[in-house]
Amino acid sequence: MKWTDTQEIAMQLTDEHPDVDPRHINFVDLRQWVMNLPEFDDDPERSGERVLEAIQLAWMDEADVDD
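Numbering (the working numbering), first residue to last: -13 to 53.
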């Protein structure tokens, strides 16, 4: 799984952290949690703010969080 697999990452984050509201996660923690996912295998340096924001938005959709 790579940084660009935002939907797959979001699904796994929902499973791994079911009690976390993705609206309130900071990007430092989000980045680390993504890198800790068992199937994740990508260069940590490729995780910019836009990538993390896309993952966060996909996670919000997956968790069905209302804005």
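We put the CB at the ideal spot given by N, CA and C, even for glycine.
Where does the unbroken alpha helix (DSSP H) through Asn22 begin, and where does it stop? Position 36 of the sequence shown, counted from the first residue, corresponds to residue 22. From DSSP, the alpha helix (DSSP H) with Asn22 extends over 13 to 22.
By the 10 Å Cβ neighbour count, where 16 or more other Cβ atoms means buried, how is Thr(-8) classified, buried or exposed? What you label residue -8 is simply residue 6 of the sequence shown in a count that begins at 1. So Thr(-8) counts as buried.
Beta-carbon spacing of Pro8, Val51 below 8 Å: To locate residue 8, count along the sequence shown from 1; it is residue 22. To locate residue 51, count along the sequence shown from 1; it is residue 65. Yes, these two residues count as a Cβ contact at 8 Å.
Three-state secondary structure (DSSP) at His3? Numbered from 1 along the sequence shown, position 17 holds the residue referred to as residue 3. Of the three classes helix, strand and coil, the one that applies to His3 here is coil, per DSSP.
Would Arg32 pass as an interface residue toward chain B - the criterion being a Cβ-Cβ separation below 8 Å? Absence of chain B from the displayed structure is noted, only one protein chain being present.
Ile41 vs Leu23 beta-carbon contact at 8 Å: Within the sequence shown, numbered from 1, the residue matching residue 41 stands at position 55. Within the sequence shown, numbered from 1, the residue matching residue 23 stands at position 37. No, the Cβ-Cβ distance between Ile41 and Leu23 is not below 8 Å.
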